[in-house]
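What follows is a single structure, written as structure tokens, with notes after it.
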Amino acid sequence: MEVIRGIYNVKPHHRGCVATVGNFDGVHHGHQMLLAHLIAKSEEIGVPSVLITFEPQPREFFRGTSVPARLTRFREKITLLQHSGIDRVLCLPFNEAMAKVEAQTVIEEFLVRYLGVKYLVVGDDFRFGQGAEGNYDMLKAAGDKHGFGVSHLGTLTFEHQRVSSSRIRELLGMGDLETAERLLGHAYFIMGRVVYGRQLGRQLGTPTANIQLRRYHSALSGVFAVKVASEDRIFSGVANIGIRPTVEGKEPLLEVHLFDWDGDLYGQLLTVTFRKKLRKEQKFESLEALKQQIQLDKENALQWLETEKQ
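Taking numbering that gives the first Met the number 0, the leading residue of the sequence shown gets 0, the next gets one more, and so forth.
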């Protein structure tokens with residue numbers, strides 16, 4: 000899968016494609032249904048498939064820190080899309096200039112001039128352009144004018160509920176990893192490189208690999224039993240994701256303690272897959288009380304992960 004960053008990196012050989020546009024946050028079952036339809040059209044017409052997305056997401060640009068939790072950062076999204084069968088991802092920076100681009104310009108410059116779109120597939124609530132003025136009817140009219148087909152897909156439902164990023168975000172916030180996984184089509188995970196921390200976990204007898212979240216909010220908070228994949232191994236472990244109120248933390252952090260490991264992971268890329276929520280994050284009266292709870296968390300996580308194997 001080819002990743003193209005910025006419209007000016009679209010080359011002449013990229014023209015002629017079928018495309019879709021959206022955030023694809025989580026790359027859940029609804030997204031996968033749309034991508035399957037796009038790939039089928041790609042094979043039918045005989046041109047590559049392209050997914051157009053934005054970084055940051057438009058709502059992050061407009062709403063800043065008040066934006067809802069994000070399910071997948073760009074690296075995680077790309078990792079999931081690599082398994083979808085899509086040929087290319089075009090990532091456009093969403094900034095002040097992009098926010099001012101009119102819907103008609105999006106069509107005529109981006110879709111027609113640069114990409115030479117032959118067919119476009121969008122979601123049932125798709126809006127685009129300055130002030131979200133563009134909609135499906137505008138795309139259909141443009142398709143008739145410029146000679147490309149347009150279709151939209153209805154909402155996928157699961158157990159009579161709409162499959163959406165917001166619904167999955169709600170489930171993760173409740174700690175319902177099992178239902179979230181069914182709607183996603185994959186276990187929920189976070190990727191990141193291990194950074195140096197305050198070494199507090201080591202002082203408490205539980206050394207941790209620290210991963211900065213680098214997102215406005217995390218969909219998860221609390222203590223979890225986890226599986227962790229490094230560059231060459233898979234571990235079981237226990238993780239805390241939050242601000243660590245007992246030690247007066249301010250920035251959200253993912254801290255992971257790996258069972259049966261005492262090496263150096265600094266700088267390594269880890270994939271942390273969340274298997275079971277054990278408890279909410281809480282503030283303890285003392286470091287000793289926190290230390291005792293950590294030991295209990297380790298025991299509970301290990302017991303649950305052993306049960307999962309059976």
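All residues carry an ideal CB built from backbone N, CA and C; glycine is no exception.
Next on the checklist: Going residue by residue through the region 3-65, where are the continuous beta strand (DSSP E) segments of at least 3 residues, counting only ones entirely within it?
Outcome noted: 16-20, 48-54
Item to check | Ordered list of beta strand (DSSP E) runs contained in the region 245-281, each at least 3 residues | outcome: 252-257, 268-278
Checklist entry - Mind pulling the beta strand (DSSP E) runs of 3 or more residues that sit fully within the region 130-209? => result 148-152, 188-194
Item to check | Distance between Cys90 and Asp231 (C-alpha atoms, nearest Å) | outcome: 29 Å
Checklist entry - Identify the residues that DSSP records as bridge partners of Pro67: which are they? => result BP columns for Pro67 are empty, so no partner.
Item to check | Buried/exposed call for Lys282, threshold 16 Cβ in 10 Å | outcome: exposed
Checklist entry - So, is Leu269 buried or exposed, given that buried needs 16 or more other C-beta atoms within 10 angstroms? => result buried
Next on the checklist: Taking 7 Å as the limit between beta carbons, can you name the residues of its chain near Arg58, skipping five residues before and five after?
Outcome noted: Val66
Next on the checklist: Along the chain, where does the beta strand (DSSP E) containing Phe228 start, and where does it finish?
Outcome noted: Just to set this straight, residue 228 is Ala in the shown sequence, not Phe. Counting along the chain, the beta strand (DSSP E) containing Ala228 begins and ends at 221-228.
Checklist entry - How many Å lie between Asp136 and Tyr265 at the Cα? => result 51 Å
Checklist entry - Under 8 Å between the Cβ atoms of Arg87 and Ile3? => result yes
Checklist entry - Rounded C-beta distance between Leu252 and Leu212? I'm assuming under 8 Å. => result 7 Å
Item to check | Those runs of the beta strand (DSSP E) which lie wholly inside the region 67-121 and span at least 3 residues | outcome: 87-92
Next on the checklist: Under 8 Å, with one C-beta from each stretch per pair, do the region 11-26 and the region 45-53 reach the 3-pair mark?
Outcome noted: yes
Checklist entry - For Leu304, which of Gly5, Ala35, Val225, Asp296 has the nearest alpha-carbon? => result Val225
Next on the checklist: Quick check: the Cα distance between Val279 and Gly221, rounded to an integer number of angstroms?
Outcome noted: Note on residue identity: the sequence assigns Lys, not Val, to residue 279. For Lys279 and Gly221, the distance between alpha carbons rounds to 4 Å.
Checklist entry - With distances taken between CB atoms, is the gap from Leu257 to Ala208 smaller than 8 Å? => result yes
Checklist entry - In the DSSP assignment, what residue or residues form a beta bridge with Glu1? => result Arg87
Checklist entry - Which residues does DSSP pair with Phe127 in a beta bridge? => result Gly133
Checklist entry - Do Leu295 and Leu219 have their C-beta atoms closer together than 8 Å? => result no
Checklist entry - Is it the case that the Cβ atoms of Ala102 and Gly128 are separated by a distance below 8 Å? => result yes
Next on the checklist: Short of 6 Å in beta carbon distance, which residues of its chain neighbour His30, apart from the five on each side in sequence? Order them along the chain.
Outcome noted: Phe23
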